[in-house]
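Worksheet: one structure, shown below.
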Amino acid sequence: MCIRDRNTSNPTGSFSDINLTLSVDTGSGFVNRGTKTCPGPCTNSQRFNFYIDNFTCSDMSTSAQYKFTATNANGTSTTTQSFVIEKDDVDIIYINGDNTIANRSATQTDLLIVRVNDTDNKSIVGSGVNVTFYVKFNSQTYDSGTNNLTNSTGYANYYFEPTCSPIKYTIGDRDWKAETISNNTCYKTKTSSTFNLSIRGDITLEFDEPTGDNVTQEDTIGFLGSTWDDCGDALVTNVSYYGNTSANSFSCTDITIIGANAFRCYYPTYLNTTEAWYNVTMNGEAIYHYR
309 MCIRDRNTSN PTGSFSDINL TLSVDTGSGF VNRGTKTCPG PCTNSQRFNF YIDNFTCSDM
369 STSAQYKFTA TNANGTSTTT QSFVIEKDDV DIIYINGDNT IANRSATQTD LLIVRVNDTD
429 NKSIVGSGVN VTFYVKFNSQ TYDSGTNNLT NSTGYANYYF EPTCSPIKYT IGDRDWKAET
489 ISNNTCYKTK TSSTFNLSIR GDITLEFDEP TGDNVTQEDT IGFLGSTWDD CGDALVTNVS
549 YYGNTSANSF SCTDITIIGA NAFRCYYPTY LNTTEAWYNV TMNGEAIYHY R
């Protein structure tokens, strides 16, 4: 604000100080926000700057006004302007959860943490700011989000636990992000960078054949089994069958897939195949799955 005393003809031979007062109205009437003085004589224009950095959420308004009032011995002059007090800008700071593993089985969670910084007043936000965490449940689509509140030091924590139902989080590397949501009273919407986590599952084996019957040398041993994921859905895996005894062992790896997730293998025996009781096992492997 620039001011000067325009009363260049002063019969008393003196010039008084000019007091410049800033008042702000955010909806409840004008409030004095500061006064500065131009000592008399104030015949040349002088610029006065007022800095106000303590507006709060309750001050936000699309029709706020500020008013300058200049007063000296000759009278008072006032000018009023409108302005907008908007939500603060924020930044989302990554803390934890990038390149981590979330296991879909049991109750093993993956801790995702961000922190919210108010970039306008250059400070960490306090408690109660809504932060929504989004995780992709397949390679394309984010879930509907989980809302959490910041704590007193501005951290928002999310213990992510991938589920089978009502949304099945498929296994693999998945993107996640955090966002300050639009209904925050004091802060604008802001979306973080994209981070990564890996969702893992378990393999369930169903071993159907052989069933413990005796096999004669030169007969064929038939193996049959199926594999499922930890959600109970059919799962295609790399299956192998093994027979072991103290004197011999063999593997059956010429696998034929039957239907969605059954695996058949035939192992021929010969006259020189060691006679014994064999422990037979089934093994299934699939990427992003624990055995």
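For the sequence shown, position 176 matches number 484 in my numbering, and the numbering has no gaps at all.
Note that beta-carbon positions come from the ideal geometry of N, C-alpha and C, so glycine has one too.
Residue i to residue j span [Cα, whole Å]
i       : j       : result
Ser-431 : Asn-425 : 6 Å
Phe-515 : Gly-533 : 4 Å
Thr-545 : Gly-592 : 6 Å
Asn-518 : Gly-530 : Note that residue 518 corresponds to Pro in the displayed sequence, not to Asn. Computed Cα separation, rounded: 6 Å.
Pro-474 : Thr-561 : 37 Å
Gly-405 : Ile-421 : 6 Å
Leu-328 : Leu-457 : 43 Å
Asp-418 : Ser-548 : 32 Å
Phe-273 : Leu-330 : This structure leaves residue 273 out entirely; the chain is present only between 309 and 599.
Thr-528 : Cys-539 : 34 Å
Asp-428 : Glu-394 : 11 Å
His-597 : Gly-509 : 5 Å
Asp-483 : Phe-441 : 11 Å
Asn-411 : Asn-446 : 15 Å
Tyr-586 : Asn-552 : 5 Å
Val-339 : Ala-372 : 12 Å
Cβ neighbour criterion (16 or more within 10 Å) applied to residue i
i       : result
Ile-595 : exposed
Glu-583 : exposed
Val-392 : exposed
Asn-362 : exposed
Asn-380 : buried
Asp-537 : buried
Ala-464 : buried
Tyr-578 : exposed
Arg-423 : buried
Ala-378 : buried
Residue i - DSSP class collapsed to helix/strand/coil
i       : result
Cys-494 : coil
Asp-367 : helix
Ser-452 : coil
Leu-420 : strand
Gly-592 : strand
Lys-395 : coil
Val-433 : coil
Trp-536 : strand
Thr-320 : Because the pLDDT at Thr-320 is just 48, under 50, the model does not fix this residue reliably, and the point stays unresolved.
Thr-577 : coil
Arg-412 : coil
Val-544 : coil
Phe-356 : coil
| field | Segments assigned beta strand (DSSP E), at least 3 residues, entirely inside the stretch 457 to 530 | value | 463 to 468, 480 to 488 and 503 to 517
| query | Which runs of the beta strand (DSSP E) fall wholly inside the stretch 546 to 573 and span at least 3 residues, in chain order? | reply | As summarised for the stretch 546 to 573, the continuous beta strand (DSSP E) elements at least 3 residues long and confined to that stretch are 546 to 552, 557 to 560 and 564 to 566, given in chain order.
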